[in-house]
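For this note's numbering, add 246 to where a residue sits in the sequence shown, where the first one is 1. The structure appears right after this line, and notes come after that.
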Amino acid sequence: MEKINLNKFIADNSSYSRRQTEDLIRKGLVKINGKTAELGQKIKSQDEVEVNGEKIRTDVKKVYIKLNKPVGYVCSNRIFKEEKNIFSLVDIDEKLFSIGRLDKDSCGLIILTNDGDLTYKLTHPKFEHQKTYLVILKKDFRLKNNNFPRELEDKFRKGVDIGEKTLAKVKEIVFLSENDIKIVLAEGKKRQIREMFKIFNLRIERLQRINFAGVGLGALKEGEWEYLSQDEVRKLNKI
């Protein structure tokens, strides 16, 4: 009987990535037929696997969703009574995880899934997937200096220090008008866009993500969600 790599089995049948699975095995949180698992171990199809005391099911269908997150909602699997959470907007039974978090004051495209391997591909910096944002600056900060947009673009491309280990950079910046700007990132530092503009005393009125790794927001209204098409799922898996 053919055996399966334990970490692949867990990643294929849960929201854990292979890397997360390895960490769980090292911590002794994975069991096979009641016994603590070891790194590199293989299993048979009839073996019972538990992670954190929860049995891994092989009949769980992979789910891929895109959501238009409204302002005021947090992207977290931890639920707090005083906070509005994006998972309250999605009425399905499967346990999902958000990919590409947005801060509470931002809105736009969020991808939700229970696919552990895809989650790893879309969140690890080495893959450099691109994300597109629309930024509206506060009107009292109009870019009246004709040279400033060019200077800002140059500095944003070369990188600015926002207190992280490496400089924060943009892949592309396009001025749509005095206050409207399109930003493309290939990285994802904490509150990166807000912190980059803050360095130049520019305040953001609205920050919306419209594309994530080739998947667009489409016609979804704020608070609405839909399943990804087969083409969109294939596009993400090609990363």
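The beta-carbon is built from N, C-alpha and C at its ideal position, and this holds for glycine as well. Owing to the predicted nature of the structure, the values given are computational and were not obtained by experimental measurement.
Contact under 9 Å by Cβ, residue i with residue j
i: Leu398; j: Ile429; result: no
i: Val297; j: Ile256; result: yes
i: Met442; j: Phe402; result: yes
i: Arg440; j: Asp349; result: yes
i: Ile278; j: Gln287; result: yes
i: Lys372; j: Glu451; result: no
i: Leu368; j: Trp471; result: no
i: Val317; j: Asp351; result: yes
Three-state class that DSSP yields for residue i in the structure shown
i: Gln454; result: strand
i: Ile271; result: helix
i: Asp426; result: strand
i: Lys290; result: coil
i: Ser334; result: helix
i: Phe326; result: coil
i: Ile311; result: strand
i: Thr378; result: strand
i: Ile419; result: strand
i: Glu284; result: coil
i: Leu466; result: coil
i: Tyr262; result: coil
i: Val306; result: coil
i: Asn279; result: coil
i: Glu472; result: strand
i: Val479; result: helix
i: Lys401; result: helix
i: Lys301; result: strand
Neighbour-count burial assignment, residue i, 16 or more Cβ in a 10 Å radius
i: Asp361; result: buried
i: Lys377; result: buried
i: Gln476; result: exposed
i: Asn253; result: buried
i: Ile325; result: exposed
i: Lys315; result: buried
Sequence-distant residues of the same chain with beta carbon closer than 8 Å to residue i, five excluded per side
i: Thr359; result: Ser261, Lys308, Val309, Tyr310, Ile311, Leu342, Phe343, Ile345 and Thr365
i: Glu374; result: Ala432 and Glu433
i: Ile445; result: Val406, Asp407 and Ile408
i: Leu413; result: Lys404, Gly405, Val406 and Asp407
Beta-carbon contacts of residue i that lie in its chain and below 6 Å, excluding the five residues immediately before and after
i: Gly460; result: Lys481
i: Gln454; result: Cys353, Gly354 and Leu380
i: Ile271; result: Ala283 and Leu285
i: Ile338; result: none
i: Arg347; result: Cys321
Beta-ladder partner(s) of residue i, from DSSP
i: Leu383; result: Ile450
i: Leu358; result: Ile311 and Ser344
i: Leu431; result: Lys377
i: Ala486; result: For residue 486 there is no data in the structure shown, the boundaries of the chain being 247 and 485.
i: Ile250; result: Ile289
Same chain, Cβ closer than 7 Å to residue i, neighbours up to 5 away in sequence not counted
i: Arg265; result: Tyr366
i: Leu335; result: Leu313, Gly469 and Trp471
Proximity test, Cβ basis, 9 Å: residue i and chain B
i: Lys401; result: In the structure shown, chain B does not exist; there is a single protein chain.
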